[in-house]
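Student:
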Amino acid sequence: MIQNSHLYKTKAYINGDFIATSSQREFPIYNPSNQELVANVVNCDTILAEKAIESAQKALNPWKSLSGMERSNILRKWFELHLKYIDELAQILTLEQGKPLHEAKGEIHYGASFIEWFAEEAKRVYGDTIPGHLPDKRIVVIKQPIGVVAAITPWNFPNAMITRKVAPALAAGCTVIIKPSELTPLSALSLGQLANEAGFPKGVFNVIPTLEAQQIGETLCQNPTIKKLSFTGSTQVGKLLMQQSASTVKKLSLELGGNAPFIVFEDADIDQAVHAAIISKFRNAGQTCVCANRIFVHSDVYQEFSKKLIQKVKNLKVGDGFEPDVDIGPLISEEAIEFIDDLVEDALLGGAKIFRGPKVKRKKKSLFYDPIVLTDVTSNMKIFHNEIFGPVAPLFKFSNEKEVIELANNTPYGLASYFFGKDHSKIWRVSEQLEYGMVGINTGMISTTVAPFGGIKQSGFGKEGSKYGIEDYIITKYLSWSI
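The sequence shown begins at 176 in the working numbering and counts up one residue at a time.
1. Counting Cβ pairs, one atom from each stretch, are 3 or more of them under 8 Å apart for the segment 186-197 and the segment 372-381?
2. In three-state terms, what does DSSP make of T350?
3. Between G640 and F628, is the Cβ-Cβ spacing less than 8 Å?
4. Using the rule of at least 16 other Cβ atoms within 10 Å of the residue's Cβ for burial, across every protein chain shown, is Y301 buried or exposed?
5. Starting from N248, trace the beta strand (DSSP E) both ways and give me its first and last residue.
6. Helix, strand or coil, according to DSSP, for N236 in the structure here?
7. Per DSSP, what kind of secondary structure is L404 in: helix, strand or coil?
8. Which stretch, first to last residue, makes up the beta strand (DSSP E) that contains V316?
9. Between Y653 and T350, what straight-line distance do the alpha-carbon atoms span, to the nearest angstrom?
10. Between which two residues does the alpha helix (DSSP H) harbouring T463 extend?
11. Do L549 and V567 have their beta-carbon atoms positioned less than 8 Å apart in this structure?
12. Looking at the structure shown, is H599 part of a helix, part of a strand, or coil, going by DSSP?
13. Can you say whether G589 is buried or exposed, counting buried as having 16 or more other CB atoms within 10 angstroms of its CB?
14. Whose C-alpha, out of F293, L264 and T385, is nearest the C-alpha of A279?
15. What residue does the alpha helix (DSSP H) around K426 start on, and which one ends it?
16. Do you know whose CA, among N179, C219 and N585, lies nearest V213's CA?
17. Using DSSP bridges, identify the partner residues of E581.
18. Rounded C-beta distance between I228 and P360? I'm assuming under 8 Å.
19. Could you spell out the range, first to last residue, of the alpha helix (DSSP H) harbouring V412?
20. Pick out whichever of G408, L223, L395 and A435 has its Cα sitting closest to the Cα of S420.
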């Protein structure tokens, strides 16, 4: 049983210990597949949040004083523990988030890869020497950890969104406070247990689960001890955090909403494009910020692509994440289903046609949702402008390159984009014209440890992963002296 795992924790992790509030306040966590109670988790208040901040501040100087090699060794141990307990971590993730178990294991591997990567980068935070502007001047540039870091993470990737943020912070010499989603705190708390086993000193790594997201978020934003805030979530909340952080002028990294175009040109390999669309659109039940949101298909191949995509969707299996061969788990909430239903209904009223995958037997309050393909969708429908965050694939028809570039860029968001074709000149043109931080060319999977993940426009700023990822957690200091 998962509840018997030593990684199954329900109390806040602060200063190296699992603790409760003085009032013993808790909130429930439910399995989205069957709505059964999974756990009651401590509901942190601002008092515990302040305690976590104080603990992180106290631990900062000793932690950043360690050599990069010493921090690297501890991170490496944390990485190894992830792999050792991958089955238990994946089970906890599926239990509270719902995604199929094989996807959960994939997320644990993905999350662990950031720890491994930044364990190495801890040894490579290089400075510079600059030729002096006068004969007696010497100039040196050094890089130092920015300080205490707060990370506010989402429910859709409750493991990897934490490691992608805190691994570079810890490698740079920062201490961290994590406020996980109130829907998926168990994965975050299990990482606290592994951090303890890896040998992180007390106060370096802290986790504060809470149902009071607004109050705790405001505390993290306005406390001057915290020098950096990293957030993944909606654009609306990201803007609020920016406002709340203004009084202390924090450094921010924001990975916000998306509206990813997925373009299929007339010279594309259709089978390859269909396969990529399935991966991009239906992974995690479509609940990813980089999944294909608007699928644009050239009129010459529209019928072929839609027919093959519909056939693939009909073969997808929906069910409990612990069942074998399940492709799509539940959505995260009833509100998510209501939002998607509204988008689909609006499209149908506007003339779109619907093709469903395997029919799901939905009980009362069931969060399972049929995978859907919508054809004959147009840009004046709600679904064109909104991030769906569900297993619905809307197909739009286009006739030329100029038209589809305008359609693809017609959004305030700029996170991920995809297109398929073989013409090399077109590949360069389209790649440069798409107003997105990431472009997938003939692939539906762009997330990787070794490349900079992040968006532009109202999808936020800052990069996670790659050699660029650690830059958001360091300050550049210039030293000048006369000889």
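Think of the CB as a built atom: it goes at the ideal place given N, C-alpha and C, for glycine as much as any other residue.
No experiment lies behind these values; they were computed from the predicted model shown.
Tutor: Taking the definition as stated:
1. Taking 8 Å as the limit for Cβ pairs, the verdict is that the segment 372-381 does touch the segment 186-197.
2. In this structure, T350 counts as strand in the three-state DSSP scheme.
3. Yes. Within cutoff.
4. It counts as exposed.
5. No beta strand (DSSP E) holds N248; the alpha helix (DSSP H) holding it covers G243 to K259.
6. Three-state result, N236: helix.
7. For L404, the three-state secondary structure derived from DSSP is strand.
8. First-last of the beta strand (DSSP E) with V316: K312 to P320.
9. Rounded to the nearest whole angstrom, the CA to CA distance from Y653 to T350 is 23 Å.
10. Taken as a continuous stretch (DSSP letters only), T463 belongs to no alpha helix (DSSP H), as it is neither H nor E.
11. Cβ atoms of V567 and L549: closer than 8 Å.
12. Of the three classes helix, strand and coil, the one that applies to H599 here is helix, per DSSP.
13. Label assigned to G589: buried.
14. Closest by alpha carbon: L264.
15. No alpha helix (DSSP H) holds K426; the beta strand (DSSP E) holding it covers K426 to E430.
16. Nearest Cα to V213 within the set N179, C219 and N585: N179.
17. Beta-bridge partners assigned by DSSP to E581: none are found.
18. Not really, about 18 Å apart at Cβ, beyond 8 Å.
19. Taken as a continuous stretch (DSSP letters only), the alpha helix (DSSP H) holding V412 covers T410 to S420.
20. That would be L395, whose Cα lies nearest to the Cα of S420.
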